[in-house]
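Step one of this worksheet: look at the structure below.
2 protein chains.
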Amino acid sequence: MATGTRERIVAAAMQLFWERGYGEAGIADVVARAGVRSGSLYHFFESKESLLVAVLEAYQSALIPHIFEPPFRREREPLERVFAVLADYRERLLTTDFRYRCPIGSLALEVGPVSERARVLIDANFAAWRGAIAAALREAALVPGTDPESLATFVLTVMEGGVMQSAAQRSAAPFDASIAHLRAYLMSLVAPAR
Amino acid sequence: MATGTRERIVAAAMQLFWERGYGEAGIADVVARAGVRSGSLYHFFESKESLLVAVLEAYQSALIPHIFEPPFRREREPLERVFAVLADYRERLLTTDFRYRCPIGSLALEVGPVSERARVLIDANFAAWRGAIAAALREAALVPGTDPESLATFVLTVMEGGVMQSAAQRSAAPFDASIAHLRAYLMSLVAPAR
DNA sequence: GTCTATAGGATGATAGAC
DNA sequence: GTCTATCATCCTATAGAC
Numbered sequence: 023m024a025t026g027t028r029e030r031i032v033a034a035a036m037q038l039f040w041e042r043g044y045g046e047a048g049i050a051d052v053v054a055r056a057g058v059r060s061g062s063l064y065h066f067f068e069s070k071e072s073l074l075v076a077v078l079e080a081y082q083s084a085l086i087p088h089i090f091e092p093p094f095r096r097e098r099e100p101l102e103r104v105f106a107v108l109a110d111y112r113e114r115l116l117t118t119d120f121r122y123r124c125p126i127g128s129l130a131l132e133v134g135p136v137s138e139r140a141r142v143l144i145d146a147n148f149a150a151w152r153g154a155i156a157a158a159l160r161e162a163a164l165v166p167g168t169d170p171e172s173l174a175t176f177v178l179t180v181m182e183g184g185v186m187q188s189a190a191q192r193s194a195a196p197f198d199a200s201i202a203h204l205r206a207y208l209m210s211l212v213a214p215a216r
Numbered sequence: 023m024a025t026g027t028r029e030r031i032v033a034a035a036m037q038l039f040w041e042r043g044y045g046e047a048g049i050a051d052v053v054a055r056a057g058v059r060s061g062s063l064y065h066f067f068e069s070k071e072s073l074l075v076a077v078l079e080a081y082q083s084a085l086i087p088h089i090f091e092p093p094f095r096r097e098r099e100p101l102e103r104v105f106a107v108l109a110d111y112r113e114r115l116l117t118t119d120f121r122y123r124c125p126i127g128s129l130a131l132e133v134g135p136v137s138e139r140a141r142v143l144i145d146a147n148f149a150a151w152r153g154a155i156a157a158a159l160r161e162a163a164l165v166p167g168t169d170p171e172s173l174a175t176f177v178l179t180v181m182e183g184g185v186m187q188s189a190a191q192r193s194a195a196p197f198d199a200s201i202a203h204l205r206a207y208l209m210s211l212v213a214p215a216r
C-alpha cells in the first residue's frame, strides 16, 4: 500500500466532516482531498459510517496530545490549566473568524441520533475530555465535597454552549461572558488558605 | 388556497429538520408529511433555504408562547422561573428517551456556517431566548453589578451544553450536573437580605 | 491495493396543464 | 394554487481489470 493511504483518507474526512458536516460531505470530496480513488476508500472502509467511526477514533487519539498537552505545558496551576484549555478554544474561534465548531459537538447533534456506533464514540470523546479536566481539578485545592467529575462536566457544557453561541453571533462576546461566569464560579470553590 | 397549506409545510419542515437535520431531511419527506405536492411547496418557497428561513421565523414566533409562558406561569419567583424553563428542557430529554436536541442549536452547528440568512435568524432566536431569561433575572434581587444579559448568555450556554452531553450519553446526568452548578452559582449572586 | 467505470437510487428544482 | 411528470445532478457503493 502507498504510505499512509488510510491515514490520508481519515485526515481528509476529519477536515471535511468538520467543515461541511457528515451529511453534506461527500465520499467524492473525501477521496479528492485525500488524493486517492474511491476504490481505495472502499478497500479500507466498508461504508461511509465506518469512515465516520474511524474519524471519531482519530479524534479521541488526538485529544490528549492536541487539545490538552499544549495548554497544560503552558500552565502549571491546576485551575489555570483548565482556563488555558478554554483559551485555546477562544483562539480557534478567532483564527476561524468565528466559524469554529467543536467537531465532536457538531457530530453529536448531527449523527448522534441516527448512528448508535457513532453516538457511543462521541460519548467516549466527551468522557475523555471531561477526564482530562477532572484530573486537573483534582490537583486544585477546592473546597471539600466538590466533585471533580461533575465540575468537569460543567466545564465541557460551558465550552460547548459558549462556542455555539459565539459562532452563531460571529463574536467572542458570548464565549467570553460564559467563561467569565465559569471563572467566578470556580474561584468561589477554591478552598480558603489557612 | 387550501387552508393553511403554507403553515402545514412549515410545520412539517420544522418537525423533519429537527428529527433528521436540514441536510438529511428531503423536500420529498416534507411534502409527504404536509400532505401536499411539491408544486405547492415551490409555489410558496423558492428554494429549500427559503423554507429553512421560514422555519427559523416560526421558531422565533413560537419562542415566548411555547418555551417561556408555561414555565413562567407555573413559577412566580424570578430565579425559579429560570430553573422552570430549564426543567422543561429536562422533561424534553426524558420524554424523547434522551434524543432531544435543541432545534436552534442543531441548526446553528449544521447550517450556520453555510447559510448566512439562516445564521442571522439563528442568532436572533438565541438573542430572544436570552432576552426572556434576562427579563426574569432583572426581576431577581441579585448583587449589584450583576449583568442580566451576560448572565442570560451563561444560562443559554448551560442549557445547550447540558442538552448536548445528555443526548450523547443518553442520560440525564450531565444535564443535571450542569444545572446544579448553575444553580449554585446563581444562588451565590442573590443579594443578602437586609 | 489501486484503478476505471458505472450501477442504482435519491436529491432539489422545474415545466406546463388545469 | 395545485397538479403530474420529469429533468439534471448528485450520491453511496460496487464490479471487475490490473
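The listed protein sequences derive, respectively, from chains A and B. Every position in the first sequence, counted from 1, becomes a number in the working numbering once 22 is added. Every position in the second sequence, counted from 1, becomes a number in the working numbering once 22 is added. For glycine and all other residues, C-beta sits at the position ideal for the given N, C-alpha and C. If you're wondering where the values come from, they're calculated on a predicted model, not measured in any experiment.
Beta-bridge partners of residue i, as assigned by DSSP
{"i": "Val212 (chain A)", "result": "A:Leu164"}
Residue i burial status per 10 Å Cβ neighbour count (16 or more: buried)
{"i": "Leu204 (chain A)", "result": "buried"}
{"i": "Glu113 (chain B)", "result": "exposed"}
{"i": "Pro125 (chain A)", "result": "buried"}
{"i": "Pro87 (chain A)", "result": "exposed"}
{"i": "Tyr207 (chain A)", "result": "buried"}
{"i": "Glu91 (chain B)", "result": "exposed"}
{"i": "Ala117 (chain A)", "result": "In the sequence under discussion, the amino acid at residue 117 (chain A) is Thr, which differs from the Ala named in the question. Exposed."}
{"i": "Met23 (chain A)", "result": "Per-residue confidence for Met23 (chain A) stands at a pLDDT of 47, beneath the threshold of 50, marking its modelled position as unreliable; the derived number appears in the next sentence. Classification for Met23 (chain A): exposed."}
{"i": "Met209 (chain A)", "result": "exposed"}
{"i": "Arg152 (chain A)", "result": "buried"}
{"i": "Arg123 (chain A)", "result": "buried"}
{"i": "Phe39 (chain B)", "result": "buried"}
{"i": "Arg103 (chain B)", "result": "buried"}
{"i": "Ala50 (chain B)", "result": "exposed"}
{"i": "Ser137 (chain B)", "result": "buried"}
{"i": "Ala84 (chain B)", "result": "exposed"}
{"i": "Ala149 (chain A)", "result": "buried"}
{"i": "Ala158 (chain B)", "result": "buried"}
{"i": "Gly26 (chain B)", "result": "exposed"}
{"i": "Gly61 (chain A)", "result": "exposed"}
{"i": "Leu108 (chain A)", "result": "buried"}
{"i": "Arg95 (chain B)", "result": "exposed"}
C-beta atoms of residue i and residue j nearer than 8 Å
{"i": "Pro166 (chain B)", "j": "Ala156 (chain B)", "result": "no"}
{"i": "Ile89 (chain A)", "j": "Ala190 (chain B)", "result": "no"}
{"i": "Tyr4 (chain B)", "j": "Leu74 (chain B)", "result": "Absent from the model: residue 4 (chain B). The displayed extent of chain B is 23 to 216, so no value can be given."}
{"i": "Ser188 (chain A)", "j": "Phe120 (chain A)", "result": "yes"}
{"i": "Gly183 (chain B)", "j": "Val180 (chain A)", "result": "yes"}
{"i": "Thr175 (chain B)", "j": "Pro196 (chain A)", "result": "yes"}
{"i": "Glu46 (chain B)", "j": "Pro100 (chain B)", "result": "no"}
{"i": "Ser172 (chain B)", "j": "Ala154 (chain A)", "result": "no"}
{"i": "Ala194 (chain A)", "j": "Leu115 (chain A)", "result": "yes"}
{"i": "Phe66 (chain A)", "j": "Arg28 (chain A)", "result": "yes"}
{"i": "Glu71 (chain A)", "j": "Arg139 (chain A)", "result": "yes"}
Counting only Cβ-Cβ distances shorter than 7 Å, please list the residues of the region 141-169 of chain B near chain A, keeping chain order. Cβ contacts with chain A come from Arg141, Ile144, Asp145 and Phe148.
Three-pair Cβ contact test at 8 Å for the region 31-41 of chain B versus the region 53-64 of chain B = A contact between stretches requires three or more CB pairs, one per stretch, nearer than 8 Å, and the region 31-41 of chain B meets this requirement with the region 53-64 of chain B.
Can at least three beta-carbon pairs, one atom from the region 129-139 of chain A and one from the region 205-216 of chain A, be found at a separation below 8 Å?
-> In this structure the region 129-139 of chain A does not touch the region 205-216 of chain A; the number of beta carbon pairs closer than 8 Å is below three.
(request) Please determine if the region 134-152 of chain B and the region 64-84 of chain B are in contact, where contact requires at least 3 C-beta pairs separated by less than 8 Å. (result) With a cut-off of 8 Å, the region 64-84 of chain B and the region 134-152 of chain B count as touching, because enough Cβ pairs lie within range.
Problem - Near-chain B residues of the region 109-141 of chain A (beta-carbon distance less than 7 Å), N- to C-terminal order - result: Of all residues in the region 109-141 of chain A, Arg121, Arg123, Gly127, Ser128, Ala130, Leu131, Glu132, Gly134, Pro135 and Arg141 have a Cβ within less than 7 Å of some Cβ in chain B.
Mind listing which residues of the region 67-82 of chain A have their C-beta closer than 7 Å to chain B's C-betas, in chain order? So nothing in the stretch comes that close.
### Task
Note down, in chain order, all residues in the region 38-62 of chain B with a beta-carbon under 7 Å from any beta-carbon belonging to chain A.
The residues in question are Gly43, Gly45 and Glu46.
* To do: Please list the residues of the region 87-104 of chain A that have a C-beta atom closer than 8 Å to any C-beta atom in chain B, keeping them in chain order.
  => Taken residue by residue, none of the region 87-104 of chain A has a beta-carbon sitting less than 8 Å from a beta-carbon on chain B.
Which residues of the region 176-190 of chain A have a Cβ closer than 8 Å to any Cβ of chain B? Give them in chain order.
Hits within the stretch, in order: Phe176, Leu178, Thr179, Val180, Met181, Glu182, Gly183, Gly184, Met186, Gln187, Ala189 and Ala190.
Discussion item. Taking beta-carbon pairs under 9 Å, can you tell me which members of the region 199-210 of chain B lie near chain A?
Written reply: Of all residues in the region 199-210 of chain B, Ala199, Ser200, Ala202, His203, Leu204, Ala206, Tyr207 and Ser210 have a Cβ within less than 9 Å of some Cβ in chain A.
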